[in-house]
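Protein chains in written order, with our numbering: chain A, 1 to 113; chain B, 114 to 194; chain C, 195 to 426; chain D, 427 to 509; chain E, 510 to 1092.
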Amino acid sequence: MSHLPYLAAGWILLAGIFGMVTSRNLVHVVVCLSVTQSATYVLLLAIGYRKGGTAPVFSDIKPTGKVVDPVVQAMTLTDIVVNATATALLLALAVQVAKRRGTIDPDELRPLE
Amino acid sequence: MMTAALVLLVAAVGPALLTTLWGDPADRLTGLILAGPTATMVLLLLSAAYHRPAYLDVALVLGLLSFAGSLVYARFIGRTL
Amino acid sequence: MSRRTRFAVFAVGAAGLVILFVLAAFRLPDFGGRFHPYGERAVTSAIAEKTKNVVSSVNFDQRAFDTVGEELILFASALGAVILLRMVRREREEEAGEHGYGPADVFDALRLTGYLLLPVTLLVGVYIVAHGHLSPGGGFQGGVVLGTALHLLYLTGDYPALARLRPVPVFESAEALGAGAFVVLGLAGAGLLIPMNSVVGLEVGCAFVLVLAKFFEQALLVRTDDAGTEDS
Amino acid sequence: MSEAVLVVALALVVVMATAVVLTRDPARQAIVLSAYGVTLGVLFLVLQAPDVALSQIAVGTVVVPLVVILAIHAIRKQHGERR
Amino acid sequence: MVQAAIAAPVLIAIMLAAGGRRLPRPVVDAVATGTILAVTVLLGIVLATALRHPVVTWLGGWPPRGGVSVGIPLVADPMSAGLALLVAVLTLAALVFSWRYLVEVQAIYHALMLLFTAAMCAFVLTGDLFDAFVFFELMSVIAYVLTGYKAEEPRTVHGALNFGVINSLGAYVTLMGIGLLYARTGQLNFAAMGARLPGQDHRLVTVAFALVCTGFLVKAATAPFHFWLADAHAVAPTPVCVLFSGVMVELGVYAIARTYWATFAGAVPGARPALAFLGVVTALLGGVMCVLQRHVKRLLAYSTVSHVGVILLGVAALDHDSLAGAAYYLLGHAGVKSALFIAAGTLLNRFETLDERELHGRGLRLRASGAVFLVGGLGLAGVPPSGLWAGKAVMDEAAQRAGWWWAAPVGVVASALTAGAVLRVWLRVFRGVGPSGGGTAEHEDSETGPRMSRLPWTMLTPGVILAGGAVLLGLIPGLLHGVSHAAGLFVDHDGYVSAVLSGGAWHAASAPLHPWTAAGLVGGAAGVVLAAVVAVLGLHQPVPRILRPVIDRLRAAHSGHVGEYAAWLTAGVALFGLLLFTA
């Protein structure tokens, strides 16, 4: 258990890259990229976790006792925004590739030279 | 509470999620539609188990939006899906 | 490069990456450990500032500059959607026709549910924005919920109603206003959590509505001539 | 017991992430992606990060799926017109 | 002061995005250019201050207490302030060039350029690793959009997509590395992390370094992370290319250097050979690919790859003199490459193609652009007293002292290949030498709408000034001294840490630099002669027959296939990690 979540994050990262490498469809590539990014959420939050700790939000509890790390949570929040926007932008580009090139299979896209 | 959450997670959310993994889009969508409310229940139970009423907000939003999320697919089923 | 070679290159790289990552992962502090110096300082600082939600305090006060960057990413990508998905020559938006997304083919009960949910979702969005400094949530989360709420109209089958409710230029200006106000507040750095949450909510909501509007435009596009092979 | 919940949530996330990648048809993949988003939300709450869970749920249930589906729709239409 | 230099372009950009479409075009141009001019002045003042005493600004009023802080610092030392100033100057040139540039959604282009400047400045000035990641992403997102600006062209959107996917992937690997570092040190600040690294497990530190560097290596287009660069640079609008090649790519090397000296100094023994290896491979591969191109912008893009490899090699020596040389080289390269892209832009505007063969002899009457190409080619070859020559001479001397006898020849080969290709273009296009014909007749948009009767001065002057300045750079003695001082501060890990965390003194022991050595002059001459040979040979026989199979392999590898690029990226991370451990 002591390192399992870190390894899980590594697995998700690799799985995402695997999907991108073997993909036949640019939309699939972009979605796999967002899976890759979700590995960073898992890693960051796992790093910030503290056994028996609770969320550092003191609306309904007294600010004593153990809390988990708020900094990684702030980082992950930023990360999620980046993910959503990057996904949207890359999908926009994929739509344009489909329109201009007539295919979104990376294997069929002509070299760029 | 925690036990209930665990049981629900294993017995309801898990199978619902697995349903999304096979079959044609309509079958998968059934799984997604089931996963939303069951996951909401899990969140409610967890909120109680952790003694944190503040976590209820998350369950509230998941409950509301998972319905809308299912609609996204329902809207396109038979067209793009 | 053939598919097999590509996979071989990836496999070699992945093997190396696995070794590297596993080496590192077992040298990390145990999961759930007590070593969080920065986190503890952040909590202390937030309590000193009397902010109940420490995550909000980190986001909007202590590390506000990160969030400035984050909001600018959102702002830039909304601009990007406008640029990349603009209608070019030979394209126009489809009138309600066979592909039309008019108020059709959705059960009445469903549509009614959608209409009923709209105000509820809006309310929840406002609540999450407004309570960001106290309870979980804040400008970003609430903003997304607000943006989503509008699209319930589309989801329940009424694209024209959504289009009416979504005058794109107004949203563009509102988004810019939100982003500008946030940059000013963020660099002033006075820890004004409530106004900051509100302007972020405004910006995020508008940005997502804008991005989605552009995607709708593309999904409903038709070409007026059949010059579909520009690249040949 | 709370440890067990954590392990189960983590396992669901790993399985679903792998499934998203292995689902090759983008339209079906979008549904799996939505489901994956829900599991992430649960995991984040279990990791005591309600703010992040809220964020993930807000973005992952409607906005991202809608963008993906609209993109697929736009692309499909393109192909339909070509044929 | 520092915040103002970042905030001003952002706020003006937001206003332009909100209301710019109602303004007439000249007003938008004037506002954007004026803003950048103001930013340039501000950054000039920052640099002048930093040269006397580096400025550390804690944003939001969270100064460190007892050596730790919860806030984010901006650190303006001469190196970072100087780079920020370079960003502003190049943006100024790009904006002046785009006065007559066709822009479809007009004010948004200007808004994006301003935001891009702000993002790059924030990225170089920040003293916090996660903050650097955020602004790296901001910079990248804007860069994808600018690359894909002409969304109606097939190659444009494809190049932008490859760029976006690979850069994002690199950035996420970097974020994994940031996570590892945070877990071990409990800090995000370069200085605070650096203060806590000694005594940590070296395996963890090495892996973290490899992962953190990945995103920056992708940005720096180091082989095998470089594939996206040519795809993106060949299709991006000309003024955007100026910023991409002139400075954005180099910021990747800067970030590696910054993270190394501020945080990892001494903790990663393998960094020297590993970075040097990547630098050499990149310099040579980029040079070879450069010679093989016939699309002018693509050719210039590969030459950027090659030269960034040389800069990385200079940084890899990890000593003060070599870093100063690399910084000087960067400065010279920025001027020359920006000028060349601007000149290529004028070609595109006149003839609506960038195919070298098709342009054969058509540039005879474009005197200014021809001069820029000639001067640029000579500059890349390292003709004294250009900035590239001076930087190279200083780097070579440092490498010699370190026992890296092979560094100087690698640099000469890289500059001969890249400069040879540019001079070949000059000969063929502007002098009409060599056989003609064989064009692919691929038509491109002219970027300016209706063809102009003659090129406006705004399109020529920036290029002429930049090229001229870069070629004379080695003659400015004060500049050499300043760069040496900046490098001295930059490599002073302890000084950085104490200046950031406790406001301590930060003084550099800067040795004067002497590029005017016999070895330096010989190196410059060798570069020019070899470049001339490459150019003349290239005119008639593109590729020697023996090399054909190898060359075909190389070309095939640069396929525009995003999955392949991702596979190479994975292999690259593994390779870099392996080098760090074994070397």
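A virtual CB, placed ideally from N, CA and C, is assigned to each residue, including glycine.
Q) Straight-line CA distance for T549 of chain E to L809 of chain E? A) Against the fifth sequence, residue 549 of chain E aligns to sequence position 40. Against the fifth sequence, residue 809 of chain E aligns to sequence position 300. For T549 of chain E and L809 of chain E, the distance between alpha carbons rounds to 27 Å.
Q | Which of helix, strand or coil DSSP assigns to V577 of chain E | A | The residue you call residue 577 of chain E lines up with position 68 of the fifth sequence. Correct three-state label for V577 of chain E: strand.
Q) Cα separation between Y348 of chain C and G463 of chain D? A) On the third sequence, residue 348 of chain C is found 154 positions in, with the first residue counted as 1. On the fourth sequence, residue 463 of chain D is found 37 positions in, with the first residue counted as 1. In a straight line, the C-alpha of Y348 of chain C is about 22 Å away from that of G463 of chain D.
(Q) Between S2 of chain A and chain E, is the shortest Cβ-Cβ distance under 8 Å, so that the two count as touching? (A) The residue labelled residue 2 of chain A in the question sits at position 2 within the first sequence. It does not; no Cβ of chain E falls within 8 Å.
Q) Taking the beta strand (DSSP E) that W913 of chain E falls in, what are its first and last residues? A) Position 404 of the fifth sequence, counting from 1, holds the residue named residue 913 of chain E. Taken as a continuous stretch (DSSP letters only), W913 of chain E belongs to no beta strand (DSSP E), as it is neither H nor E.
Q. To the nearest angstrom, how far is it from the Cα of R1062 of chain E to the Cα of A1075 of chain E?
A. Residue numbering aside, residue 1062 of chain E sits at position 553 when the fifth sequence is read from its first letter. Residue numbering aside, residue 1075 of chain E sits at position 566 when the fifth sequence is read from its first letter. Distance between the alpha carbons of R1062 of chain E and A1075 of chain E is about 18 Å.
Q) In chain C, which residues lie less than 7 Å from A497 of chain D when you measure between Cβ atoms? A) Counting from one through the fourth sequence, the residue named residue 497 of chain D turns up at place 71. Residues of chain C passing the Cβ test: F409.
Q) Based on Cα-Cα distance, which residue from E:F718, E:G987 and E:P778 lies nearest to L638 of chain E? A) Mapped onto the fifth sequence, residue 638 of chain E falls at position 129. Per the Cα distances, E:F718.
Q) What is the DSSP secondary structure of L583 of chain E, reduced to helix, strand or coil? A) Position 74 of the fifth sequence, counting from 1, holds the residue named residue 583 of chain E. Reduced to three states, the DSSP call for L583 of chain E is strand.
Q. Mapping DSSP to helix, strand and coil, what is D115 of chain A?
A. Any question about residue 115 of chain A goes unanswered here, given that chain A covers just 1 to 113.
(Q) In chain order, what are the residue ranges of uninterrupted alpha helix (DSSP H) at least 4 long that sit wholly in the region 338 to 362 of chain C? (A) As far as the region 338 to 362 of chain C is concerned, its whole alpha helix (DSSP H) runs of at least 4 residues are 353 to 359.
(Q) I'd like to know whether the C-beta atoms of A641 of chain E and I515 of chain E end up nearer to each other than 8 Å. (A) Counted from its first residue, the fifth sequence places residue 641 of chain E at position 132. Counted from its first residue, the fifth sequence places residue 515 of chain E at position 6. No. Outside cutoff.
**Q.** Any C-beta of chain B under 8 Å from that of V206 of chain C
**A.** What you label residue 206 of chain C is simply residue 12 of the third sequence in a count that begins at 1. False, the Cβ-Cβ gap to chain B never drops below 8 Å.
(Q) For the alpha helix (DSSP H) containing T22 of chain A, name the first residue and the last one. (A) Looking up residue 22 of chain A in the first sequence gives position 22. L4 to T22 is the span of the alpha helix (DSSP H), which, as asked, contains T22 of chain A.
(Q) Measuring only the C-alpha atoms, how far is L583 of chain E from V403 of chain C? (A) As a first step, residue 583 of chain E is located in the fifth sequence; it is residue number 74 there, counting from the start. As a first step, residue 403 of chain C is located in the third sequence; it is residue number 209 there, counting from the start. Their Cα atoms are separated by approximately 34 Å.
Q) In terms of residues, what are the limits of the alpha helix (DSSP H) holding V29 of chain A? A) Counting from 1 along the first sequence, the entry for residue 29 of chain A is found at position 29. From DSSP, the alpha helix (DSSP H) with V29 of chain A extends over L26 to G48.
Q | Within 8 Å, strictly: CB atoms of P733 of chain E and G1086 of chain E | A | For the purposes of this step, residue 733 of chain E is taken as the residue at position 224 of the fifth sequence. For the purposes of this step, residue 1086 of chain E is taken as the residue at position 577 of the fifth sequence. It is not a contact, given that the beta carbons lie outside the stated cut-off.
Q: Give the C-beta separation of T76 of chain A and Y41 of chain A to the nearest angstrom, bearing in mind that I take them to be a contact with Cβ-Cβ under 8 Å.
A: In the first sequence, residue 76 of chain A corresponds to position 76, counting from 1. In the first sequence, residue 41 of chain A corresponds to position 41, counting from 1. About 5 Å; that satisfies the 8 Å criterion.
Q) Under 8 Å between C-beta atoms, does P106 of chain A make it to chain C? A) Stepping through the first sequence from its first residue, residue 106 of chain A is reached at position 106. No, because no Cβ of chain C sits closer than 8 Å to the Cβ of P106 of chain A.
Q.
Between R454 of chain D and chain A, is any beta-carbon pair separated by less than 8 Å?
A. Stepping through the fourth sequence from its first residue, residue 454 of chain D is reached at position 28. By this cut-off, R454 of chain D is not an interface position.
Q: Please list the partners that T444 of chain D has in chain A, where partner means a Cβ-to-Cβ separation under 7 Å.
A: Taking the first residue of the fourth sequence as position 1, residue 444 of chain D is located at position 18. By Cβ distance, chain A contributes A15.
Q. Within the chosen definition, does the region 914 to 930 of chain E reach the region 871 to 880 of chain E through at least 3 CB pairs nearer than 8 Å?
A. no
**Q.** Short CB-CB distance (under 8 Å) between L7 of chain A and chain E
**A.** For the purposes of this step, residue 7 of chain A is taken as the residue at position 7 of the first sequence. It does not; no Cβ of chain E falls within 8 Å.
(Q) A826 of chain E and A908 of chain E - do their beta-carbons sit closer together than 8 Å? (A) Counting from one through the fifth sequence, the residue named residue 908 of chain E turns up at place 399. Counting from one through the fifth sequence, the residue named residue 826 of chain E turns up at place 317. A contact, by the Cβ cut-off of 8 Å.
(Q) List, in chain order, every chain E residue whose beta-carbon is nearer than 8 Å to that of E366 of chain C. (A) Sequence index remark: in the third sequence, residue 366 of chain C carries index 172 (1-based). Result: A526 and A527.
Q. Bridge partners of H804 of chain E, per DSSP?
A. The sequence position of residue 804 of chain E within the fifth sequence is 295, counting from 1. In the DSSP assignment, the residues bridged to H804 of chain E are E:D864.
Q: Could you tell me whether the Cβ atoms of Y610 of chain E and A771 of chain E are closer together than 8 Å?
A: For the purposes of this step, residue 610 of chain E is taken as the residue at position 101 of the fifth sequence. For the purposes of this step, residue 771 of chain E is taken as the residue at position 262 of the fifth sequence. No.
**Q.** Per DSSP, cross-strand counterpart(s) of D637 of chain E
**A.** As a first step, residue 637 of chain E is located in the fifth sequence; it is residue number 128 there, counting from the start. DSSP output for D637 of chain E lists E:N698 as bridge partner(s).
Q) Which of the three DSSP states, helix, strand or coil, is assigned to W1025 of chain E? A) Taking the fifth sequence and counting its residues from 1, the one referred to as residue 1025 of chain E is at position 516. Residue state, collapsed to three classes: coil.
Q: Output the distance between the C-alpha atoms of P354 of chain C and V489 of chain D, rounded to the nearest integer angstrom.
A: Along the third sequence, one-based indexing puts residue 354 of chain C at 160. Along the fourth sequence, one-based indexing puts residue 489 of chain D at 63. One Cα belongs to P354 of chain C, the other to V489 of chain D, and the distance between them is close to 19 Å.
Q.
So F645 of chain E and D740 of chain E are supposed to be a Cβ contact under 8 Å. How far apart are they, rounded?
A. Mapped onto the fifth sequence, residue 645 of chain E falls at position 136. Mapped onto the fifth sequence, residue 740 of chain E falls at position 231. 20 Å between Cβ atoms; not a contact.
Q) What residues from chain D crowd round L157 of chain B, counting only those whose CB sits closer than 9 Å? A) Taking the second sequence and counting its residues from 1, the one referred to as residue 157 of chain B is at position 44. Within chain D, no residue comes near L157 of chain B; the closest Cβ sits about 11 Å away, beyond 9 Å.
Q. Does A514 of chain E have its Cβ less than 8 Å from a Cβ in chain A?
A. Position 5 of the fifth sequence holds residue 514 of chain E. Not one chain A Cβ lies under 8 Å of A514 of chain E.
Q. Since R1082 of chain E sits in a beta bridge, which residues does DSSP pair it with?
A. On the fifth sequence, position 573 is the one that residue 1082 of chain E refers to. The sequence as given places Val at residue 1082 of chain E; Arg does not occur at that position. Answer is none; V1082 of chain E lacks a bridge partner.
Q: Would you check if the distance between the CB atom of T465 of chain D and the CB atom of L438 of chain D is smaller than 8 Å?
A: For the purposes of this step, residue 465 of chain D is identified with residue 39 of the fourth sequence, where counting begins at 1. For the purposes of this step, residue 438 of chain D is identified with residue 12 of the fourth sequence, where counting begins at 1. Cβ atoms of T465 of chain D and L438 of chain D: closer than 8 Å.
Q. What number of angstroms, rounded off, separates the C-alpha of H742 of chain E from the C-alpha of T813 of chain E?
A. For the purposes of this step, residue 742 of chain E is taken as residue 233 along the fifth sequence, with counting starting at 1. For the purposes of this step, residue 813 of chain E is taken as residue 304 along the fifth sequence, with counting starting at 1. The straight-line gap from Cα to Cα measures roughly 10 Å.
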